[in-house]
Amino acid sequence: MTPVTTPLRIDDLPAAIRAAKRELKTALPNYREVFAEVEAEMIREANAIEAQRAAGRAVIPEIDFADIAAGRVRDEQIALVKSRGACVIRRVFDATLVEQWDDEIAQYVERNRLDERLQHRAEDRYFGNLASSKPQIYGVYWSKPQVMARQSSALTTARVFLNRLWRAQSEGRVHFDPDHVPAYADRLRRRPPGSESLGLSAHCDGGSVERWIEANFRKVYRHVFDGNWRRYDPFDGAYRTEVREVPSPAVCSMFRTFQGWTALTQQGPGDGTLQLVPIANAMVYILLRALQDDVPDDDLCGAMPGRALSIKPEWHAPLFRALSSIPLMQPGDTVFWHSDVVHAVEDAHRGKGYSNVMYIAAAPACAKNDAYLKRQLAAFVTGESPPDFPADHFETDFAGRATQNDLTTLGRAQMGME
């Protein structure tokens with residue numbers, strides 16, 4: 146396993162951006178011609194997705210969990226997931242169990258008067274430069290249903306399947322172990338019907354300015370920056386576990402193969418739900434777009450350190466043609482998207498019921514993730530917010546919070562206790 150690196154510090158951001166762009170353009174003198182190829186390909190893919198959506202056909206691949214459990218997912222399904230960079234996995238959990246979980250979470254937050262405490266929450270500036278930036282996200286990590294879901298054998302099986310879509314070994318090295326799934330504690334979304342309080346505009350997580358500036362990020366995208374962009378494989382794990390992020394509340398410092406959430410309630414298009422740009426290699430376009438001559442020398446299409454990487458119509462117009470809401474989800478369904486896939490949340494919830502989810506990602510075992518588990522475990526024991534998130538620490542005195550006694554053998558291993 147590769148040693149864990151220290152966080153990235155940038156003292157003079159404009160100077161760092163200018164230097165990075167100068168180096169990248171020098172190494173790729175035909176950056177204009179290469180980008181023209183990439184842009185043409187993105188327009189073609191986005192137009193195809195737009196036409197598919199307009200024809201009423203699904204643009205996000207769907208897999209039944211029973212097929213994953215039985216090992217009968219077809220090769221063409223896997224190829225489509227890797228092309229789209231996302232998938233819905235149906236019926237991971239029994240709907241009745243999930244409805245019980247949703248009720249239990251509602252009681253948990255009500256009994257502990259979370260709504261009152263939310264008025265005094267720590268400032269979360271991660272989405273501060275996005276046009277829409279206030280989804281109903283609850284800083285709750287340790288309710289019993291969340292812990293039960295993370296350590297469930299079914300969801301673990303689904304996440305191992307997703308981890309294995311990646312190349313865990315390349316460049317003569319082993320990057321991670323896909324068969325062991327560490328627990329990454331994340332939050333809840335509880336969105337009431339009629340909510341107009343803004344969702345999240347299009348963005349990517351897992352790195353903003355670092356993608357152009359930090360040495361290991363550049364190695365991840367080595368085929369993009371050397372002009373051989375068709376050789377770039379979004380599912381190649383090389384250097385992914387060695388990248389260094391700018392530290393910030395709500396910036397993920399684990400390596401996630403896929404971000405994801407589990408539906409606690411029925412929800413679909415129009416219900417304030419998730420939207421994706423289902424193009425797995427769209428990051429090629431985003432990276433090269435920032436090097437073009439119409440972007441100021443000290444700017445990366447608006448990217449800011451410690452924030453989500455915003456995707457904007459003025460810079461990335463073709464991608465918005467492909468921006469698509471996920472299909473109707475039932476309680477117990479899950480959705481996962483590659484850690485580089487552009488995503489958003491609908492501004493308005495015009496449905497009739499709550500639109501509730503638990504954020505649970507897929508991640509593999511590696512030194513980077515093991516280091517985070519040690520820090521996260523201390524937060525679990527005391528009920529504090531995990532290290533990657535705003536330091537609200539709401540749950541330290543919550544009645545009914547999950548404890549070590551609620552962990553199964555698998556759960557203990559996933560929390561780094563074994």
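Adding 145 to a residue's 1-based position in the sequence shown gives its number in my numbering. Ideal Cβ positions, reconstructed from N, Cα and C, are used throughout, including at glycine.
Distance CB(residue i)-CB(residue j) smaller than 8 Å
{"i": "residue 153", "j": "residue 371", "result": "no"}
{"i": "residue 432", "j": "residue 366", "result": "yes"}
{"i": "residue 213", "j": "residue 234", "result": "yes"}
{"i": "residue 477", "j": "residue 408", "result": "yes"}
{"i": "residue 399", "j": "residue 517", "result": "yes"}
{"i": "residue 500", "j": "residue 418", "result": "yes"}
{"i": "residue 465", "j": "residue 307", "result": "no"}
{"i": "residue 250", "j": "residue 288", "result": "yes"}
{"i": "residue 493", "j": "residue 341", "result": "yes"}
{"i": "residue 177", "j": "residue 437", "result": "yes"}
{"i": "residue 401", "j": "residue 352", "result": "no"}
{"i": "residue 374", "j": "residue 169", "result": "no"}
{"i": "residue 349", "j": "residue 485", "result": "yes"}
Residue i classed as buried or exposed, judged by whether at least 16 other C-beta atoms fall within 10 angstroms
{"i": "residue 181", "result": "exposed"}
{"i": "residue 442", "result": "exposed"}
{"i": "residue 160", "result": "exposed"}
{"i": "residue 96", "result": "With the chain covering 146 to 563 only, the question about residue 96 has no answer from this structure."}
{"i": "residue 376", "result": "exposed"}
{"i": "residue 526", "result": "exposed"}
{"i": "residue 304", "result": "buried"}
Assumed close pair residue i, residue j - CB separation to whole angstroms, cut-off 8 Å
{"i": "residue 498", "j": "residue 338", "result": "6 Å"}
{"i": "residue 257", "j": "residue 543", "result": "4 Å"}
{"i": "residue 205", "j": "residue 531", "result": "That belief does not hold up - the Cβ atoms of residue 205 and residue 531 are roughly 28 Å apart, past 8 Å."}
{"i": "residue 468", "j": "residue 489", "result": "7 Å"}
{"i": "residue 382", "j": "residue 473", "result": "Wrong, their Cβ atoms sit about 33 Å apart, outside the cutoff."}
{"i": "residue 559", "j": "residue 327", "result": "6 Å"}
{"i": "residue 479", "j": "residue 247", "result": "In fact, because the Cβ distance is near 15 Å, the residues do not count as touching under 8 Å."}
Close Cβ partners of residue i (< 6 Å) along its chain, the five nearest in sequence each way excluded
{"i": "residue 331", "result": "504"}
{"i": "residue 369", "result": "377, 429 and 432"}
Close Cβ partners of residue i (< 7 Å) along its chain, the five nearest in sequence each way excluded
{"i": "residue 483", "result": "230, 231, 379, 403 and 425"}
{"i": "residue 302", "result": "213 and 214"}
{"i": "residue 299", "result": "210, 237 and 238"}
{"i": "residue 529", "result": "538 and 541"}
{"i": "residue 198", "result": "204 and 469"}
{"i": "residue 335", "result": "281, 283, 499 and 501"}
{"i": "residue 164", "result": "none"}
Own chain, CB closer than 8 Å to residue i, minus 5 neighbours either side, in chain order
{"i": "residue 271", "result": "Below a pLDDT of 50, predicted positions are generally treated as unreliable, and residue 271, at 49, falls in that range; the measurement from the model is reported next regardless. Taken in chain order, the residues that qualify are 393, 394, 395, 396, 451, 452 and 453."}
{"i": "residue 463", "result": "184, 187, 188, 191 and 430"}
{"i": "residue 355", "result": "153, 362, 388, 389, 390, 391 and 450"}
{"i": "residue 200", "result": "none"}
{"i": "residue 310", "result": "223, 226, 227, 380 and 402"}
{"i": "residue 151", "result": "389"}
Alpha-carbon to alpha-carbon, residue j and residue i
{"i": "residue 244", "j": "residue 156", "result": "48 Å"}
{"i": "residue 553", "j": "residue 238", "result": "17 Å"}
{"i": "residue 541", "j": "residue 166", "result": "45 Å"}
{"i": "residue 487", "j": "residue 522", "result": "30 Å"}
{"i": "residue 556", "j": "residue 506", "result": "15 Å"}
{"i": "residue 222", "j": "residue 346", "result": "29 Å"}
{"i": "residue 475", "j": "residue 415", "result": "15 Å"}
{"i": "residue 224", "j": "residue 259", "result": "43 Å"}
{"i": "residue 509", "j": "residue 495", "result": "37 Å"}
{"i": "residue 428", "j": "residue 545", "result": "42 Å"}
{"i": "residue 445", "j": "residue 162", "result": "7 Å"}
{"i": "residue 471", "j": "residue 561", "result": "33 Å"}
{"i": "residue 459", "j": "residue 440", "result": "11 Å"}
{"i": "residue 563", "j": "residue 514", "result": "15 Å"}
{"i": "residue 253", "j": "residue 294", "result": "16 Å"}
{"i": "residue 520", "j": "residue 292", "result": "17 Å"}
{"i": "residue 524", "j": "residue 549", "result": "12 Å"}
{"i": "residue 333", "j": "residue 171", "result": "45 Å"}
{"i": "residue 158", "j": "residue 511", "result": "30 Å"}
{"i": "residue 457", "j": "residue 227", "result": "24 Å"}
{"i": "residue 218", "j": "residue 360", "result": "37 Å"}
{"i": "residue 316", "j": "residue 405", "result": "28 Å"}
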